[in-house]
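Before any comments, here is the structure.
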Amino acid sequence: QTVQYQMMMKSYLSIFLLAAVLVAAVSAFQSSSLLSHHSSKTRRRLHQLHSSPTQPTSRNTPTTSSSSSLNSSPSPAIPTAIQSHHVAVKTRNIELAIKFYSLLGFHVETKFVAGPARAAWLLHGNPDDDNHSSVKSRIELIEVPSYMLNEPEGTIKRALDLTKREELLGLNHFCLDVTNCIPKPTNNGDESLISNIDAETTTTSEDGSSSCSLYNLQEWMDDLNELSISTFGKSMRVALQPTKRIIGRDVYEMAFIYDADGTLVELLNWSGRLEQEVGS
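The sequence shown maps to residues -28 to -1, 1 to 252 in mature numbering (1 follows the signal peptide of the UniProt record, and there is no 0).
Pasting the structure below:
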């Protein structure tokens, strides 16, 4: 009986060991399959991210549910344009600054308070509630309170004259494109071609008299100065008289003026385009 009992126990032990081996093999197979499945999903996801980036979500674009986003195929990326909203200028007198920029066609969009300072946004353009992209240019004026200026009696603080401090880093000036304010001569119906940028564009009448049809940046600035004198009794301060410059194939006139506080403002007039690019 003892021998039979020992043989029976050995049989039970063999069966138990065989069952344990089978369980371990099944578990290992399931783990391997699951790992392979996750690895395949990860590879597919990485491939999608690198080959077909999804479109970034905009603040104005409603987001979809997670289930619908999983079922839909990724959309191609669409570049989002970044627009310049405004340039900020500090002034000692916001009313005088508003008057100055009104000469250039700017008008007050809104006035507000920024901490202890009065401020305003000036616009050049015709925006509406649905299309703010029609705004061509915007300037933010910030009035420095008098107690911060610390002006000695009888003196008026002005902005640093950056034309005389060429070693300074950071923002130097902002530029206003006045091209649309200056009428251009035509060249066989094409205003973009200029064969000789130094030649005067003239027209000759039947009586032999001739007149220049090119209204250039200098003439426009002269008219602007007359408007300033007649409206506010003050001349416009010029930092750099108009000069001509060729950049690539484009011909520009550029000048620099000071605003009411001495901030440097560039005026740019596109004159036309050369048939061939001139080497720099």
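Quick reminder that beta carbons are idealized off the backbone N, C-alpha and C, glycines included.
So what does DSSP say about residue i, is it helix, strand or coil?
| i | result |
| --- | --- |
| F78 | coil |
| N144 | coil |
| T175 | Reliability fails at T175, whose pLDDT of 40 lies under 50, so the model's placement of it is uncertain and the value that follows must be treated cautiously. Strand. |
| E115 | strand |
| I66 | helix |
| Y187 | coil |
| L196 | helix |
| I50 | coil |
| L(-12) | helix |
| N122 | coil |
| K216 | strand |
| S109 | strand |
| L239 | strand |
| L94 | strand |
| S(-18) | helix |
How long is the line joining the alpha carbons of residue i and residue j, rounded to whole angstroms?
| i | j | result |
| --- | --- | --- |
| I219 | D149 | 15 Å |
| E238 | L246 | 23 Å |
| K136 | T63 | 20 Å |
| R130 | Y230 | 10 Å |
| I111 | Y187 | 27 Å |
| V85 | D195 | 35 Å |
| E198 | L121 | 31 Å |
| L75 | A49 | 43 Å |
| I54 | V61 | 21 Å |
| S183 | S243 | Note on S183: pLDDT 33, under 50, position unreliable in the model; the coordinate value appears next. Cα to Cα, S183 sits roughly 19 Å from S243. |
| T203 | L95 | 20 Å |
| T82 | P117 | 19 Å |
| S56 | L143 | 15 Å |
| S207 | S200 | 6 Å |
What whole-angstrom Cβ distance do residue i and residue j have, given they're in contact under 8 Å?
| i | j | result |
| --- | --- | --- |
| I66 | E115 | 4 Å |
| V223 | K216 | 7 Å |
| L240 | C153 | Wrong, their Cβ atoms sit about 11 Å apart, outside the cutoff. |
| Q190 | P155 | Contact doesn't hold; Cβ gap of about 14 Å is too wide. |
| L193 | A227 | In the sequence under discussion, the amino acid at residue 193 is Met, which differs from the Leu named in the question. Indeed they touch by this definition, with Cβ atoms about 6 Å apart. |
| V59 | I70 | Actually they are not in contact, since the Cβ atoms of V59 and I70 sit about 15 Å apart, beyond 8 Å. |
If we define contact as Cβ-Cβ less than 7 Å, is residue i a contact residue for chain C?
| i | result |
| --- | --- |
| R217 | Included in the structure is just one protein chain, with no chain C present. |
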